[in-house]
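Everything below concerns the one structure shown next.
Numbering (this note's numbering), first residue to last: 1 to 1130.
Have a look at this one:
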């Protein structure tokens, strides 16, 4: 759009609320005190006072390491593993004469494990570093000493610089808005990266600075800003501008935050207030954490047990060694003379038996060190890398539209995917597509709009839907009008199908005048700006929100095309239903009473060509129906019913109404309203609201709209399957409460039969205290209010449970909805525990208006409160904190940039892929199995396979197996002829025989524990056994200097002997028999989830067990199981 054209529109006069002058409030009196001490010298960087302040630069870093701290910090991370500390000590000691083996055998594996892990950490951090380099080196126009704008990098900006930012560019720092391409200094800002909201925010400059629109006017500009210190609060700002000897109050309306984007405005001029890590978005960020899986942490505890066992064995052996060594010389006689105790080293000296015992203890620690399995860590690292490769190459998690596969950005947390208990999820861009579509409407009590929403389709697939009366025969449309559907060309923002009112057919409807007025309201009641493509002539719209754009597009497609606007008028091409011809109509625009979260409605006052004054209004049903006149309620019952059905279908609804105004009434109101707008008292906001309220009454109902904030494909089904796996889902969003609740219904987090517990600070008492400006009184009252609401919620849930138990019925469940202000107080140490108790008692939790830091704090509360694995998933920069705080962070590579992906542990392109990532790969990584079902995931959530009883059971099995192998082997082969020549067994043969039994036992026990075989398992299990024989054969053929006691022992002694093979068979069978018996008993009488499925599949029957046969957790989930089995058969 041409700059001149935009300048003719003065939004500061058009808007009634957003562009009001900022009054001095109570907080402004704090400036200069603690917390409000920042001073910014605008356009005067060489001022000695400015130089002395020495504020930080605009360079930012989000990396975990730097070039200087990488080695020490990374080594610290590696030696958080207890086993690594042990092997480091052993490696150091291995260079001494105490070592029973060469130092290389210990040092080499340790260096490989630590080096590989450090290299992986370096690669992952380098990716973050590249993102920082890209951000720090973005270009921006800065006002220089030669009084012209020059290009510089973001990182070189300083506090006090004046910069120029163009349309669709991000703000490089927190700025004070001076002026814009609009004459009255307004601009639109998209804050999606900060709070996840897609609605554009209107910002406006102070009147005193809006003339600063070129290099010449900026030449003489010099001012001082005094404001609050850097903080993380995204929704408030307190400061003053000292300019030309006067003081002007500043509010959030004049502040442009870093990482938000300039929209619908050609350019702005601004002064840098906060830079780098002082900006609000960076204040909300958290340092990249060091994450370790629960299994890895539990392995440390296992190592403690093994290390204690090692010390005990070494201590007992050393005591006996000391006692026996001391007895070697007694009464002048040598007991073991062949050891030459009179001429030996300190290690065996009977005269220094205590010292020899101590040295023997150190040697034993190294000798028996194989109890601490460094090879296990090596194996685990290899397995984790292979698991990551499986995830990266999974075709079912590849999103073809954007050419983005799934990515495991770290392999440390693979097994955690199989143990997730709670998911904390962003909304915009994560559950939804970031686009609104006009899909249905109700006009004059008649529903219009064919087809089904994503939610309705999901319900239909689950067999829970009933034929929707709202669709007015949608089944006919879908079934019989395929040609119309196939020939339809999709239009962004418009997904409406109904031949009754499309293509001008609405003139034949029962109430054509209502249809005309309805779409006329949609075409006029907005703040959108038309943008005409000069080449094609097509009109696009720059709107504050996707909803508003969808309404204007819908009006255009149905015959009411908004094509031009000036400061005082709106022009439409519209169909005259009486003549049937298209005509141009111009409406004089008098006032815009814009939407706000407290008003929940928007109105415009216009004068048509017949000089009739009209108030056109759209708003939430909760505030609109009460404003209807008695004669304007003709279709109220039908419209209420339609709105209810639309809400059940997951649609966002608005009520459309209008009224004709009396000329004298309007003149009196306009005079009072203009006087209130120009005042700067603290009561002004309340007076403006009251004045608008006087006009927005006695409305005539026209109907209701229904738009769909489209869920991503497969979201409802994915959430349902995650719920079947007993995974809880919390939604943390920066959106308004109404928006978040609608999406809650859309994706089945909230249901119509679910009771809602809403915690908010919108009560009249709290709002009154806010206006008074007494912060202490407000904080005290807010804390008490939240405390009372939490207490009431807990009592409500307890009462419902007691009632349910009494009636032997099931409760419909509760949904907790809380806004950002209330959340701040709920996370207070005083209320944190009770809030958590309430939250976990609810089936669903939705946190609205949440700042990035609040998202991270809630994630931390859930993580620490439950003690179970948490997963966060989001797609924007505002989600980075919670992704880093959770045990697992999953980034969606969506429309909001790559910040979330770069901070994540796993990256996927669509929310629906989370199902496969957790229920398939998560389970595979937790338990190597190729077939699974949602409730099998419970094995990970409940930590069945790596619980302490199971760990201790395996330890006991190892001890018993070793005892059986040792004693059965020795008693079977000792003291009898072994070779053909009659020679008995020596320790070389005994060692080979015993180790052969160990190899067979370990691999066969592994085979018994596997539930599903593939060629890979066969290859490695039986291949390991074969490799042992090949190794001992080849090693035995090496020179005796290398093979020592193993020289030809297998070929010449073991292989020809029948006793060797017989003992191997006997020992292996005896060792495996107890474990085989235990597994048979367990799978039959105490089956695990996978045992039930496997047994029935082997028997060739469909899963159809009675409830009595199944664990309680599994009941109710077999329907889904049958569906999956049928799909596999097909």
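Here a beta-carbon is modelled for each residue, glycine too, at the ideal position from N, C-alpha and C.
Within the same chain, and ignoring the five residues on either side of residue 858 in sequence, the residues whose Cβ sits closer than 8 Å to its Cβ are 424, 730, 732, 823, 827, 847, 850 and 882. For residue 149, DSSP records a beta bridge to 143. A residue is called buried when at least 16 other Cβ atoms come within 10 angstroms of its Cβ; residue 289 does not meet this threshold and is exposed. Contact between the segment 201 to 208 and the segment 302 to 310 is absent, with fewer than three C-beta pairs closer than 8 Å. Per DSSP, residue 86 is one residue of the alpha helix (DSSP H) stretching across 82 to 93.
Counting C-beta pairs closer than 8 Å gives fewer than three between the segment 710 to 725 and the segment 753 to 769, which falls short of the contact rule.
Along the length of the segment 854 to 882, whole beta strand (DSSP E) runs at least 3 residues long occupy 869 to 874, reported in chain order.
Taking a 10 Å sphere around the C-beta of residue 237, we find 16 or more other C-beta atoms and assign the residue as buried. For residue 436, no alpha helix (DSSP H) run applies; the uninterrupted beta strand (DSSP E) run containing it begins and ends at 432 to 443, by DSSP.
With contacts defined as CB atoms closer than 8 Å, residue 524 and residue 491 fail to qualify as a contacting pair. In this structure, DSSP gives residue 103 a state outside helix and strand, which the three-state scheme calls coil.
Here residue 854 has 732, 820, 823, 824, 827 and 847 as same chain residues with Cβ atoms under 8 Å from its own Cβ, once five neighbours each way along the sequence are excluded. Of all C-beta pairs linking the segment 360 to 367 to the segment 96 to 109, three or more are shorter than 8 Å, placing the two stretches in contact. Exclusion of the five residues before and after residue 642 leaves 442, 447, 470 and 704 as the residues of its chain whose Cβ lies within less than 7 Å of its Cβ.
Within the same chain, and ignoring the five residues on either side of residue 294 in sequence, no residue has its Cβ closer than 6 Å to its Cβ.
In this structure, the straight-line span from the alpha carbon of residue 1032 to that of residue 988 is close to 12 Å. Here the alpha carbon of residue 340 sits roughly 57 Å from the alpha carbon of residue 1015.
Sequence-distant Cβ neighbours of residue 453 in its own chain, meaning closer than 7 Å and more than five residues away, are 439, 649, 650, 651 and 708. With a 10 Å radius around the Cβ and a threshold of 16 neighbouring Cβ atoms, residue 134 comes out exposed.
DSSP, reduced to helix, strand and coil, places residue 424 within a strand of the structure shown.
The DSSP-derived three-state label of residue 844 is strand. The segment 256 to 270 makes contact with the segment 159 to 170: 3 or more CB pairs, one atom from each, lie closer than 8 Å. Pairing residue 1008 with residue 1060 gives a Cβ-Cβ distance that is not under 8 Å. In the three-state DSSP reduction, residue 619 falls in the strand class (E or B).
Separation of the CB atoms of residue 256 and residue 200 is rounded to 13 Å, and the pair is thereby denied contact status at 8 Å.
A distance below 7 Å between beta-carbons, with the five flanking residues on each side excluded, links residue 530 to the following residues of its chain, in chain order: 539, 541, 562, 563, 564 and 565. With respect to residue 875, residue 152 sits apart: the two C-beta atoms are not nearer than 8 Å. Residue range 560 to 565 is occupied by the beta strand (DSSP E) that includes residue 565. Per DSSP, the unbroken alpha helix (DSSP H) holding residue 367 starts and ends at 353 to 367.
Between the alpha carbons of residue 30 and residue 89 lies a gap of roughly 58 Å. When DSSP reads this structure, residue 392 sits in no beta bridge, so it has no partner. The straight-line gap separating the alpha-carbon atoms of residue 324 and residue 356 is approximately 11 Å. The DSSP-derived three-state label of residue 1004 is helix. The beta-carbon distance between residue 145 and residue 275, rounded to whole angstroms, is 19 Å. This is too long to meet the 8 Å contact definition.
Per DSSP, residue 60 lies in no alpha helix (DSSP H) segment and is marked neither H nor E. One alpha carbon belongs to residue 631, the other to residue 544, and they sit about 33 Å apart.
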